[in-house]
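Reviewing the structure listed below.
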Amino acid sequence: MSYDFANILFAGPCNRACPWCVGRALAAPLNQENLTHYPPRNLDALIEAVNAQRIRDVILTGTNSDPQLYRHERRLLALLRCRLHEGARLGLHTNGARVLRRLETFNRYDRACISFPSFDPQRYRRLMGSPQVPDLAAILAAATIPVKVSAVVNEHNEDDLGPFLARCRAIGVRRVVLRRLLGDQRPFAPIAGLRPVGHFKGNPVCDYEGLQVTLWRFDRTRALRSLNLFADGTLSASYLLHEGAARRAVDARGAGALL
Ligand code: SF4
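Residue numbering for the sequence shown follows the working numbering, starting at 21 and increasing by one per position.
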């Protein structure tokens, strides 16, 4: 099987409390805390697979925690740079809460995606479980790597997407993904100023005055294939979610996009 990307997943307490956090639906053993564990369990197997299959993108992300809470983040990046094939790119998927405190480490990635659904503290709190909105403008100003913004869209922010995109553009964001959560089949309401320019994996890609905006709905997304190293050391091509008392394997469309 060929993969679109590989994930190194972190688990433990988070600095946000999103009501929609996918990590809560994972089978409990997969969320075994690893924020202090160096190197992550079974990392050798992941490195071997990434090198053998020349997987280009390796992403540090979380199931129920933020990878920038990982105590050995910088050390792990150095190890990966040393042991992964020369074409590998390191990406970070984060909620952004610790970027400015870990700026030097943040800029060691090749690129980053920040989960950021609103500039408004009330809306942000409803979506992320905290009123503390990261200073996205300061992050953009300090970043030396490409930064994409990923915004979950639901009833708490869908009436504010025009102003949200305008502000993203004003502070220098170049790419935004607006995404419905897995199972949310509601279409996006029209947003003034969006001009379709293409598709990615079945999702429309639009231009918003120079800002690239992807309208992502999992229910119509053609599957992305990811290799996932879970916090307990499980290495799997599937995302293993609870369904009642049973476990079911789902494809990896949601993986890598938990944050
Ligand atoms: S979705 Fe991400 S930021 Fe939100 S609680 Fe879960 S791990 Fe933390």
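We treat Cβ as the ideally placed atom computed from N, Cα and C, and that holds for glycine.
The structure displayed is predicted, hence computed values, not measured ones.
Asked                                                                                                                            : Found
Sequence-distant residues of its chain with Cβ nearer than 8 angstroms to A15 (five each side left out)                          : There is no way to answer for residue 15, as the model of the chain reaches only from 21 to 279.
Member of P39, A161, P33, V217 whose CA lies at the smallest distance from the CA of G149                                        : P39
Endpoints, the alpha helix (DSSP H) within which P141 is located                                                                 : 141 to 148
Any non-hydrogen atom of ligand 1 closer than 6 angstroms to G43 Cβ                                                              : yes
Neighbourhood of L89 by C-beta, 6 angstroms cutoff - its chain only, sequence neighbours within 5 removed                        : L55
Pair within 7 angstroms by beta-carbon distance, R131 and I165                                                                   : yes
Sheet register partners of V169 (DSSP bridge)                                                                                    : I134, V196
For R61 and D252, believed in contact at Cβ under 8 angstroms, the rounded distance                                              : 6 angstroms
Pairwise C-alpha distance: H176 and R146                                                                                         : 7 angstroms
Integer-rounded CB distance, given that R206 should sit under 8 angstroms from R200                                              : 6 angstroms
Cα-Cα separation between D204 and T241, rounded to whole angstroms                                                               : 12 angstroms
Burial state of G43, where buried means 16 or more other Cβ atoms lie within 10 Å                                                : buried
Helix, strand or coil at R103 [DSSP, three-state]                                                                                : helix
Boundaries (first-last residue) of the beta strand (DSSP E) holding N71                                                          : First-last for N71: 63 to 73, but that is the alpha helix (DSSP H), not the beta strand (DSSP E).
For A162, the first and last residue of its enclosing alpha helix (DSSP H)                                                       : 156 to 162
P141 vs P151 beta-carbon contact at 7 angstroms                                                                                  : yes
7 angstroms Cβ cutoff met for C133 and S170                                                                                      : yes
Cut-off 8 angstroms between Cβ atoms - residues of its own chain near P212, not counting five sequence neighbours on either side : In the sequence as presented, Pro is not what sits at residue 212; that position holds Ala. Closer than 8 angstroms at the Cβ level, and outside the excluded window around A212, lie G182.
Alpha-carbon to alpha-carbon, M21 and L4                                                                                         : Because the chain in this structure spans residues 21 to 279, residue 4 falls outside the shown range and cannot be described.
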